[in-house]
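For reference, the structure discussed in these notes is given below.
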Amino acid sequence: MPDPVLSAQPLSPPRLDDLIKVVDSVSHFPENLWQGQSTPFMQRAFWLALEDSGAVGQHAGWYAQHLMLYRDDQPIAALPLFAKTHNRGEYVFDHAWAQAYARHGLEYYPRLVTSVPFTPVTGSRILLVDGFQLSDVFPQLLQGIQALVQQMGASSWHGLFLDQSFLDSAAHLAHSPNFATQKLAQRSNVQFLWENKPYTDFTDFLSVLTAKRRKSIRVERDKVTAQGISCRWLEGEEISDEDWGFFYRCYQNTYHIRGQKPYLKLDFFKQLGATMPDSLVLNIAYDRDQTPLAAALFFKDEQTLYGRYWGAIRDVDSLHFEVCYYQGIEYAIRNHLHWFDPGTQGEHKLIRGFAPVYTHSLHWLAEPAFMDAVSDFVVREREGVKAYFEEAVGSLPFKQI
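Quick note on numbering: this note's numbering labels position 38 of the sequence shown as 127, and the sequence is numbered without any gaps.
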């Protein structure tokens with residue numbers, strides 16, 4: 090691909106006192122832009138660990154092209170943005186679009202992507218200083234994105250796992266007469282979340298399930314405990330170098346058994362342990378001899394537990410469900426967390442009490458004919474996603490009240 094690094098010429102949004110600059114590292118974002126972020130994955134420490142460990146950057150095919158919006162020479166907003174030469178680590182799949190470009194003799198890559206790398210978690214994507222709303226900066230940032238697409242010769246922009254405020258700003262802009270050409274195509278998909286009603290303990294949670302599902306969950310848990318397997322939770326500051334080493338061995342194995350290479354290095358996780366320990370919790374499973382055999386790393390904030398990485402060095406029936414789901418539910422109940430996000434995909438979560446929720450992404454393609462085709466496609470796709478969502482709701486294991 091051509092070198093995605095831009096010239097020093099800044100991009101010019103519509104306000105004369107506004108200026109957009111492109112930066113190649115989040116280290117250029119002022120500290121005050123990071124304040125008030127809703128998930129651990131939009132914290133400065135998380136992004137610096139991605140950069141410092143090489144998970145993103147030139148060799149990873151994630152070329153940082155982050156936008157910073159200045160007003161009166163002061164930074165007021167920032168948008169994480171990457172020029173990408175592949176679609177790995179995104180969890181919103183557009184292979185068919187790339188193939189359509191190829192059939193017409195066009196290059197789909199590079200394309201621009203706004204996402205948290207390797208992290209399919211809905212959340213805010215625009216950093217703001219106090220005193221500004223998303224609506225104050227969204228038009229300028231969108232025009233900056235589109236100008237950058239044109240300047241780089243990229244095919245498109247894709248914003249992934251966007252929260253409702255981002256979607257609302259895009260919808261409002263689409264109805265503005267001054268931005269009639271700035272419409273974006275919205276895609277939807279489905280993930281599964283567990284909600285704490287709240288419950289007093291795991292037995293209380295089981296009590297709201299059908300008898301069939303209560304029994305199947307108990308059978309799965311009994312399979313694990315019958316082998317003398319126990320689990321131990323370690324809060325961030327309690328995780329030792331030895332624990333990190335074992336966890337990473339498990340994490341690597343998850344990829345190796347599929348013939349794949351892990352996205353993330355041990356240095357990434359150890360840096361998180363040093364810089365944001367309050368957001369981490371590690372669950373390790375031990376056999377009856379107290380030899381570790383599996384591990385799962387979770388993140389947390391004030392409301393939500395996030396299951397992110399798992400692996401095992403030995404295959405044990407139902408151990409994945411125990412370590413990643415049932416233990417997570419118990420942790421959320423015990424720590425009064427309202428939500429448990431176990432990770433993307435997987436209908437197997439549904440029958441264990443994880444309810445469907447929508448996720449959303451926005452897309453803009455520079456080629457008008459392809460933009461029209463994608464806009465038509467996502468409308469049809471949404472009907473299928475809606476039908477799947479409704480079917481999933483009907484399959485939830487909760488007793489009828």
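The beta-carbon is built from N, C-alpha and C at its ideal position, and this holds for glycine as well. Remember, predicted model here, so these are calculated numbers, not experimental data.
Coarse secondary structure for residue i, derived from DSSP in three states
i      : result
Leu158 : strand
Ile422 : helix
Glu279 : Per the sequence shown, residue 279 should be read as Val rather than Glu. If DSSP states are grouped into helix, strand and coil, Val279 belongs with the strands.
Arg469 : helix
Asn342 : helix
Pro93  : With a pLDDT of 36 at Pro93, under the threshold of 50, the modelled position of that residue is not reliable, and no figure is offered here.
Lys354 : coil
Ile402 : coil
Asp107 : strand
Gly150 : coil
Ser101 : Note that Ser101 scores 46 on pLDDT, short of 50, meaning its location in the model is unreliable and no value can be drawn from it.
Gln188 : helix
Glu196 : coil
Glu411 : helix
Glu179 : coil
Gly212 : strand
Lys312 : helix
Thr292 : helix
Val463 : helix
Glu456 : coil
Val145 : coil
Ala444 : strand
Leu67  : The first residue shown for the chain is 90 and the last is 490, placing residue 67 beyond what the model contains.
Residue i burial status per 10 Å Cβ neighbour count (16 or more: buried)
i      : result
Tyr447 : exposed
Glu179 : buried
Phe357 : buried
Arg441 : buried
Phe182 : exposed
Val468 : exposed
Thr289 : exposed
Gly220 : exposed
Phe487 : exposed
Arg192 : exposed
Arg200 : buried
Pro287 : exposed
His409 : buried
Val308 : exposed
Ile346 : exposed
Leu195 : exposed
Residue closest to residue i, alpha-carbon to alpha-carbon, out of the options
i      : options                           : result
Tyr414 : His117, Tyr398 and Asp367         : Tyr398
Glu411 : Tyr395, Phe250, Glu456 and Ala385 : Ala385
Leu137 : Gly150, Leu394, Trp123 and Leu295 : Trp123
Ala243 : Ser127, Ala315 and His175         : His175
Gly146 : Tyr352, Gln379 and Ala374         : Tyr352
Tyr190 : Phe459, Phe335, Pro486 and Asp219 : Phe459
Phe429 : Phe118, Thr343 and Tyr395         : Tyr395
Gly125 : His425, Glu436, Asp390 and Trp453 : Asp390
Arg403 : Ala374, Phe118 and Asn424         : Ala374
Leu361 : Ser114, Val111 and Phe135         : Phe135
Asp161 : Arg177, Asp332 and Asp107         : Asp107
Gly325 : Asp367, Lys350 and Gly348         : Asp367
Pro119 : Trp151, Ala166 and Thr128         : Ala166
His425 : Phe291, Tyr344 and Ser329         : Phe291
Within 8 Å, strictly: CB atoms of residue i and residue j
i      : j      : result
Ala401 : Pro445 : no
Cys339 : Asn372 : no
Thr393 : Pro209 : no
Leu369 : Asp376 : no
Leu273 : His449 : no
Leu439 : Gly248 : no
Asn285 : His155 : no
Trp283 : Ile418 : yes
Lys354 : Ser142 : yes
Arg276 : Glu456 : no
Leu237 : Val111 : yes
Leu262 : Leu216 : no
Asn342 : Val218 : no
Ala153 : Ser114 : yes
Ser245 : Trp453 : yes
Arg214 : Leu168 : yes
Met131 : Val202 : no
For residue i: DSSP bridge partner residues
i      : result
Ser265 : Answer by DSSP bridge pairing: none, since Ser265 is not bridged.
Leu249 : Its beta-bridge partners do not exist; DSSP assigns none.
Tyr395 : Phe388 and Asp430
Trp136 : According to DSSP, which records beta bridges pairwise, Trp136 is partnered with nothing at all.
Gln55  : This structure cannot settle anything about residue 55, because the visible part of the chain is limited to 90 through 490.
Asn372 : Trp322 and Ala385
Ser450 : Arg276
Glu284 : Trp428
Lys173 : Trp151 and Arg200
Pro164 : Tyr159
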